[in-house]
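S.K.: Following this message is one structure expressed as structure tokens.
In the numbering used here, the protein residues as written are -15 to 126.
Spelled out as structure tokens, the structure:
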């Protein structure tokens, strides 16, 4: 079946949209600083990821990074299941605004503090609303 003119137009629009977003991904990787963290095992049992913010009483992780983007690998055994990618400022904003994140200790000598962020909450309608408000220039704390 040959595509109709209307279907062809939709395809062209989708193709253009896809190319714009391909360029965004390319720009994320060129001349930018990235932070890469990998979660092993526990995330698949608890549904949480850990975002370090302090170690030995000093800012670390999300509070110390100079990265433009934060890549968070979710691994099962030694294989990466998927990678979450955030602009670092957006991830900081999300973590600050989440109302039910838990702080846990971990790392060497249990000297690091981390936010436990529930993946379901991360993608909840409340968190997505926060994102929409942020990108629309509204103060998401209201």
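Beta carbons are placed, not taken as given, at the ideal position from N, Cα and C, and that holds for glycine.
For residue 125, which residues in the same chain have their Cβ closer than 8 Å to its Cβ, ignoring the five residues on either side in sequence?
M.R.: With a pLDDT of 47 at residue 125, under the threshold of 50, the predicted position of this residue should be treated as unreliable, though the coordinate-derived value follows. The answer, listed in chain order, is 81.
S.K.: Taking buried to mean at least 16 other C-beta atoms within 10 Å of its own C-beta, is residue 32 buried or exposed?
M.R.: Burial call: buried.
S.K.: Using alpha carbons as the reference points, say which of 68, 90 and 11 lies closest to residue 107.
M.R.: Of the candidates 68, 90 and 11, the one whose C-alpha sits nearest the C-alpha of residue 107 is 68.
S.K.: Assuming residue 117 is part of the alpha helix (DSSP H), what are its boundary residues?
M.R.: Per DSSP, residue 117 belongs to the alpha helix (DSSP H) from 109 to 119.
S.K.: Residue 27 lies in the alpha helix (DSSP H); which residues open and close that run?
M.R.: Note, residue 27: alpha helix (DSSP H), 26 to 30.
S.K.: By DSSP, does residue 100 sit in helix, in strand, or in coil?
M.R.: Looking at residue 100 - three-state DSSP - the assignment turns out to be strand.
S.K.: I need the straight-line Cα distance from residue 11 to residue 93, nearest angstrom please.
M.R.: If you take the alpha carbons of residue 11 and residue 93, they lie about 38 Å apart.
S.K.: Give me, in chain order, the residues of the same chain whose beta-carbon lies closer than 7 Å to that of residue 45; leave out the 5 immediate sequence neighbours on both sides.
M.R.: Contacts found: 35, 36 and 37.
S.K.: Compare the beta carbon distance of residue 79 and residue 99 with 8 Å and say whether it is the shorter of the two.
M.R.: Cβ distance < 8 Å, so residue 79 and residue 99 count as in contact.
S.K.: Could you say which of 85, 52 and 47 lies nearest to residue 14 if we only look at CA atoms?
M.R.: Closest by alpha carbon: 52.
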